[in-house]
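Going by my numbering, the sequence shown opens with residue 5, and the numbers climb by one from there. C-beta: ideal position from N, C-alpha, C; glycine also.
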Amino acid sequence: MTIYQFYIGVVNEATGAFLNLCHKSRIRFGLVRKGVPLRKFRFHSAHLVVCLFCVVGTLGILAMESRAIEVSPTDAQVEQAVEQGLRAAKDRVLPNRLYAWFGSDEELHPKGFLMTKMNGLVVMASHFGLRGETPSETEIWRILDEETMLVSVTIFGKTRTFADNSYIVLKQGEKLVKPLNVRFDGVAQRTKVWPRAPRYKAKVIGSFQYDAFDLNAKTTIMVFPSKGEEVSFDVEFSGIP
Numbered sequence: 005m006t007i008y009q010f011y012i013g014v015v016n017e018a019t020g021a022f023l024n025l026c027h028k029s030r031i032r033f034g035l036v037r038k039g040v041p042l043r044k045f046r047f048h049s050a051h052l053v054v055c056l057f058c059v060v061g062t063l064g065i066l067a068m069e070s071r072a073i074e075v076s077p078t079d080a081q082v083e084q085a086v087e088q089g090l091r092a093a094k095d096r097v098l099p100n101r102l103y104a105w106f107g108s109d110e111e112l113h114p115k116g117f118l119m120t121k122m123n124g125l126v127v128m129a130s131h132f133g134l135r136g137e138t139p140s141e142t143e144i145w146r147i148l149d150e151e152t153m154l155v156s157v158t159i160f161g162k163t164r165t166f167a168d169n170s171y172i173v174l175k176q177g178e179k180l181v182k183p184l185n186v187r188f189d190g191v192a193q194r195t196k197v198w199p200r201a202p203r204y205k206a207k208v209i210g211s212f213q214y215d216a217f218d219l220n221a222k223t224t225i226m227v228f229p230s231k232g233e234e235v236s237f238d239v240e241f242s243g244i245p
């Protein structure tokens with residue numbers, strides 16, 4: 005059960021409790037305007053608590069939904085993403101800084117980024133903006149029609165072929181989500197500290213279908229190099245648009 009489903013259940017239960025209390029309560033109050041009762045209704049002290057709980061729960065659901073990875077962005081969200089990318093270009097922010105990064109901030113430590121639809125729009129608009137252009141509707145739809153989320157991870161190893169035949173998966177609870185396809189650097193690049201460790205760096209890229217994983221779940225991204233130790237990252241998908 006996801007957090008979203010849990011909240012739906014709680015709000016449904018709270019609503020039922022509210023209606024039940026309305027039916028059973030024996031305390032009556034009158035709504036009065038200019039001394040004339042408009043109507044009478046049954047009221048219980050718990051009603052207010054239940055109502056507030058319903059409202060807070062519903063707002064919580066809406067907040068979570070707005071933060072989750074967007075598979076079908078609205079027109080307003082698309083426009084906002086494009087404007088964000090163009091604004092970043094105007095401020096001379098490099099496009100690679102706009103990715104949804106995870107992992108270490110240190111140059112020679114494992115890290116990676118996610119490329120979702122919303123994030124892809126921001127980055128694409130930034131590239132266009134740096135050239136003084138605006139992305140066309142065709143370019144925008146090219147990203148919106150994507151059925152997979154891209155996960156790119158940079159890892160480090162001792163040999164030039166350490167990342168050859170690497171694999172990547174998403175772990176959500178007990179579920180392992182396999183990628184639709186995987187790409188990797190068969191021949192790694194030297195780092196700037198070569199021949200000292202870490203000697204080489206390589207990328208492993210997986211494409212995951214949106215309908216194969218939970219968009220709101222806490223996720224562990226796991227990378228398995230053919231030569232070397234497993235690398236993993238804990239990522240909160242609920243905080244990524």
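Shortest alpha-carbon distance to residue i belongs to which of the options?
i	options	result
T120	L112, L219, T224 and M226	L219
L174	N123, F228 and S130	F228
F188	I73, T78 and G210	G210
K233	Q176, P114, Y214 and E143	According to the sequence as given, residue 233 is Glu; it is not Lys. Of Q176, P114, Y214 and E143, the residue nearest in Cα terms is P114.
N169	R194, V208, I147 and R146	V208
S76	W145, R96 and K94	W145
Contact check, residue i vs residue j under 8 Å by CB: the rounded distance?
i	j	result
F231	T163	Reading off the sequence shown, one finds Lys at residue 231, where the question assumed Phe. At roughly 6 Å, the Cβ-Cβ gap stays under 8 Å, so K231 and T163 are in contact.
V86	L112	The pair is not a contact, with the Cβ atoms about 34 Å apart (cut-off 8 Å).
Less than 8 Å between the C-beta atoms of residue i and residue j, yes or no?
i	j	result
K205	T165	no
F212	L184	yes
N123	A104	yes
V191	I172	no
Cβ-heavy atom distance between residue i and the ligand ADP below 7 Å?
i	result
E141	Of the ligands one can find in the structure shown there are none, so the ligand ADP has no counterpart to examine.
Roughly how many angstroms separate the alpha carbons of residue i and residue j, rounded to a whole number?
i	j	result
V239	F117	10 Å
G243	E110	22 Å
P99	T224	25 Å
S236	S140	37 Å
L42	D149	With a pLDDT of 41 at L42, under the threshold of 50, the predicted position of this residue should be treated as unreliable, though the coordinate-derived value follows. Whole-angstrom Cα-Cα distance: 55 Å.
A129	G107	25 Å
P202	F160	6 Å
I89	V127	It is worth fixing the name first, because residue 89 is Gly in this sequence and not Ile. So the alpha carbons of these two residues sit roughly 6 Å apart.
E143	F132	10 Å
E178	M226	13 Å
I73	F241	7 Å
T78	D215	18 Å
V82	L102	16 Å
K182	Q176	11 Å
- [ ] Could you tell me whether the region 136-145 touches the region 195-213, using the rule of 3 or more Cβ pairs below 8 Å?
- [x] no
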